[in-house]
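One structure is given below, encoded as structure tokens.
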Amino acid sequence: MRLHRLSITAFGPFGATQEVDFDTLSSAGLFLLHGPTGAGKTSVLDAVCFALYGAVPGARQSPGASLRSDHAPVDLPTEVQLELTVGGRRLEVTRSPAQPRPKKRGDGFTMEKAQSRLRGYDPERGWHALSKSHQEIGEELTQLIGMSRDQFCQVVLLPQGDFARFLRSDAEARGKLLGRLFDTRRFAAVEERLAELRRGAEARVAAADERILALAQRIAQAAGPAGAEATPVAARPGEPGLAEAVLEWAAIARSTARERLDIAHRVVAWAEGRQREARHALDAVRELARLQQRYEETRLRSAALEERRPEHDRCQKELERARKADRVAPALELREEAERAYRAASDGLGRARALLSPELRDVGADRLAELERKFQQELYALDAAREAEERSARIEGERVRLNREAQADDELIREADVWLADWDTTRAALKGRIDASQEAATRAEQLAGLLAPARRRLDAAGRRDALATDVQQAEERLTGAREQELDARKSWLDLRERRLRGIAAELAAGLVAGEPCTVCGSADHPVPASPGDGHVDRATEERALAAQQSAEEARARAEQQLGLVRERHAAAETEARGDDASASSTVAELGELVDRLTGEHAEAHRLAAATNPAREALTAAEREHTERLEQRQEAHGRMSARTAAREALDAEQARLEEQIAAARGESPSVAAHAERLTRRVARLADAAEAVRTEQDAAQRRKEADDRLSDAAFRAGFDTPEAAAATLLDAAAQRDLQHRIDTWQAEAAAVADRRAERDAREAAEQPAAQPSAAQGEFETAEWLLREASSALAAADERCGELTRLSRQAADEVRRLGPVRQEYERIARLAGLAAGTSADNERKMRLEAYVLAARLEQVAAAATARLQRMSSGRYTLVHSDARTGGRRAGLGLHVVDAWTGSERDTATLSGGETFFASLALALGLADVVTEEAGGVRLDTLFIDEGFGSLDDQTLDEVLDVLDSLRERDRSVGIVSHVADLRRRIPVRLEVVKERQGSSVRHRLA
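The numbering used here numbers the first residue of the sequence shown as 18 and each following residue consecutively.
Listed below in structure tokens is the structure:
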């Protein structure tokens, strides 16, 4: 992997866009990245990491931290762009973090999402887009580089401080770092999986024991009193012998329950015999009581029946007369129907004669029919006259239409003459409108060029005035913050001085009798100092110091805010002046200028917009001129044709009037005469039909009277009126029949019951007493229920004990393989976790794998460490245990001068640096091989060179210079001044008020 170019915009301390040309810096093989503390040297490396992985190194990726530069303008977005070659491909990756930006509408800010873009370079196609997805870009780069972010930060961006801590740290801390670099999570997963399996197997064994104990509890509940004779199970889950104790106790409970079941069977047999005897006695007493009660009921019903006999005889006679009258009912209904028909016909005849003339009201039906035929023939003869009358009406309509057309043509000719008379004036006016609109369009373009700058100056002036108030407020806040800082510092110094005056009392509070004093060393404390009035303790001083530091930070923020507001005010002032830099216009003056230009521009634009309408109006007027000439000529032609049409219509109208006058007679029109004849024909027809209907109804009424008299005589009634008075409807007859049937049924039932012999014999015996027999039977019934319940409970208890015992035996058989599996998994889990007695060094599986990796790293680091230390030091891996800790990740250094082996934590500062550097380079080689042998053409080494003497520094630089073999470049990040003389190619980071910047220093 080789870096070519890095572009940083508004990132970290860099307020503007900075370009880093790695191709130029890498040409010398070894280059220096230097600058003062806090300038942003490490931020350059953070930008590289952010471009590749979308995040900065973990130690600097604190929660809530922002990557955006505080020095950047609000409208400049944060962005990092890196061009590199990896895996034989030339790529360009661009990333922007989530950041606030000004709203496009209104004031304030809105949060913009993070963005990523990846482009590839092809010699034939050039640069072309590959992806804009965060996930796709991250997966593509991680696969090409072959390392995670943590591995990259340890291998490419070599942090010397981390490896120095690695040399001094314990095995656990080393294991965490190596685990992140070599990804031994699968081995830790194996340990966790074995532990999980062990917990699962242990839980299954405990669950099986719990199930067996649960069954034992259920057996105890099912056994009831029988279980009290056996000794309860006292074993706990997991203890040996639990299953056998449960099975033995269950067998004793089953035997006791069977004995109790035999006793319950004998008790039930005795109770059943007593219940049968009581049942027979109760049935006999109940039967005697029933027969005695039945005989008494029969006697009472017979007496009531005799009381209702007179009513029965009356109903029977009344029903017989009603049934005789039913034979006369059809003749009565026919007479009533004939009477209603006659009255309706008479009423209809009266209404029909009232509509006739007086001389026709008394004539017969034949005369009325004759007159109807006569008037109908006259009506048929009026058809031709009606057609002539309709044609006459149409002729009048045509004459009206001709007059209307004549008036319209006369009006058209007059309008055409008036319009054509003003044609020359109208055409000249329209051409004048076109010329005026074209001049206004030119003026509108000139005003538009003046209006936009004026509006920008007006907006800038508004911002300038608003920012002037912000500048004043920021100055007041800065003054207040400075005063608060001075007060807080004064208070802190005062408290510090008071604490120092009473420090003796504070030290005396920590003295313990018999222990030496931390100041003088004496174990005797004859007169310890005591705190005086107003004594200040350490907590009070620290709170005052914290308040002073908070006030100092507030003052710094106020100064930064004032500078930012002043810069914005100056920019707004410059923009408000515009081209005239000598004078400063007010908002009111600029507003008047914008309003005046806006009004003039709107008026010119309005006039210019009338160009096309004016041209269209001229074209329409010319077209209308031609049309009016043609319409006037056509109107003169139509006037001649209408004169001939009027003359023909007048002749036809005179002929039709003669025919209509002869046909209508005294009526105003033929249609009126025809309507009068139609009404007369209808009245005559209605009257003739009414006469015939009335005669038929009278004949039918006479015939009905004869039939009714004959039917009443045959039914035995003197008159038809007597028969009508005796009639009953069907409901009344049914009611009488129901009463008769009821009395007869009751009489038959009483006769049957009085003939019963057993009831008469029972009545002769003493009264029955069923309550005493019922009590005896209920007692026997209760004893049988109790015995049956006891038997059922005993039988159910035996069955439940047998079933539960069988389940307990099944659970014991299933527990055997589960316990064997648990013992096997527990041995494996203990071995992998380092807790087993078989694991002599108490080394976990993951630590064992990491120990092998550490051994490789130590071997690779020794090759460079011997060169840096002139062959004196060698790094070796140690798997010895220290104290009670586990073994596997020890790291020792062998001193060739003394032949001794010691822990790396005993190295001096300079020795620790080049040992950690060698360790970092060795680790980079091993991780690179682990990642698939990806070539790393660019490396960075961060800090630590200030602890070396000149000779050691030369040897370290020689080792680093050897890394340039095979076109590899190394960048050293340091602020050591001597390195600037030794390394001519440098990238300098300069700290400035507006933000840091980078400068290339080439040899």
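Ideal Cβ placement from N, Cα and C applies to all residues, glycine included.
Asked: Whole-angstrom distance between Ala721 and Asp330, CA atom to CA atom; Found: 37 Å
Asked: Thr54 versus Lys130, Val993 and Leu366, residue with shortest Cα-Cα distance; Found: Val993
Asked: Strand pairing of Tyr890, partner residues [DSSP]; Found: Asp912
Asked: Whole-Å CB distance - Ala780 paired with Gln309, under 8 Å assumed; Found: 6 Å
Asked: Contact under 9 Å by Cβ, Ser60 with Gly29; Found: yes
Asked: Own chain, CB closer than 7 Å to Leu366, minus 5 neighbours either side, in chain order; Found: Ala707, Val708 and Glu711
Asked: Among Ala626, Leu373 and Glu432, the one whose alpha carbon lies nearest that of Glu641; Found: Glu432
Asked: Cut-off 6 Å between Cβ atoms - residues of its own chain near Ala575, not counting five sequence neighbours on either side; Found: Arg494, Leu495 and Ala498
Asked: Nearest-angstrom Cβ-Cβ length linking Val611 and Ala471, presumed shorter than 8 Å; Found: 5 Å
Asked: Test item: CB-CB of Leu934 and Met885 under 9 Å; Found: yes
Asked: Same chain, Cβ closer than 8 Å to Asp139, five either side skipped, listed in chain order; Found: His145
Asked: Those residues which DSSP pairs with Glu1073 across a bridge; Found: Examination of residue 1073 is not possible in this model, given that the chain is present from 18 through 1020 alone.
Asked: C-alpha distance - Asn856 paired with Pro117, whole-angstrom precision; Found: 57 Å
Asked: Burial state of His51 (16 or more Cβ within 10 Å); Found: buried
Asked: Thr923 classed as buried or exposed, judged by whether at least 16 other C-beta atoms fall within 10 angstroms; Found: exposed
Asked: At least three beta-carbon pairs within less than 8 Å, the stretch 800-810 to the stretch 338-347; Found: no
Asked: Where Phe730 falls: helix, strand or coil (DSSP); Found: helix
Asked: Whole beta strand (DSSP E) elements within the stretch 122-168, 3-residue minimum; Found: 126-129, 132-139 and 143-148
Asked: contact_flag[the stretch 778-794, the stretch 215-227] where n(CB pairs < 8 Å) is 3 or more; Found: no
Asked: Identity of the residues DSSP links to Phe1077 by a beta bridge; Found: Look at the range of the chain in this structure, 18 to 1020, and you will see that residue 1077 is not part of it.
Asked: Under 9 Å between C-beta atoms of Thr127 and Lys120; Found: yes
Asked: Contact set for Thr26: own chain, Cβ-Cβ below 6 Å, skip 5 residues either direction; Found: Thr34 and Glu96
Asked: Neighbour-count burial assignment, Thr459, 16 or more Cβ in a 10 Å radius; Found: exposed
Asked: Reference Ala571, options Ala587, Glu500, Leu278 and Glu558, closest by Cα; Found: Glu500
Asked: Length of the line joining the Cα atoms of Glu7 and Glu129; Found: Because the chain in this structure spans residues 18 to 1020, residue 7 falls outside the shown range and cannot be described.
Asked: CB of Leu908 within 9 Å of CB of Phe48, strictly; Found: no
Asked: Those residues which DSSP pairs with Pro119 across a bridge; Found: Phe126
Asked: Under the three-state DSSP convention, the category Gln98 falls into; Found: strand
Asked: Residues bridged to Leu23 [DSSP beta-bridge criterion]; Found: Val37 and Leu99
Asked: Exposed unless 16 or more other CB atoms sit within 10 angstroms - verdict on Ser83; Found: exposed
Asked: Option nearest Thr955 by Cα separation, candidates Val91, Leu101, Leu93 and Ala741; Found: Leu101
Asked: Environment of Val435 [buried if 16+ CB atoms lie within 10 Å]; Found: exposed
Asked: Beta-carbon proximity check, Ile229 vs Glu918, cutoff 9 Å; Found: no
Asked: Which of helix, strand or coil DSSP assigns to Asp920; Found: strand
Asked: Residues bridged to Arg112 (per DSSP); Found: Val97 and Ser133
Asked: Paired residues, beta bridge with Gly907 - DSSP; Found: Ser895
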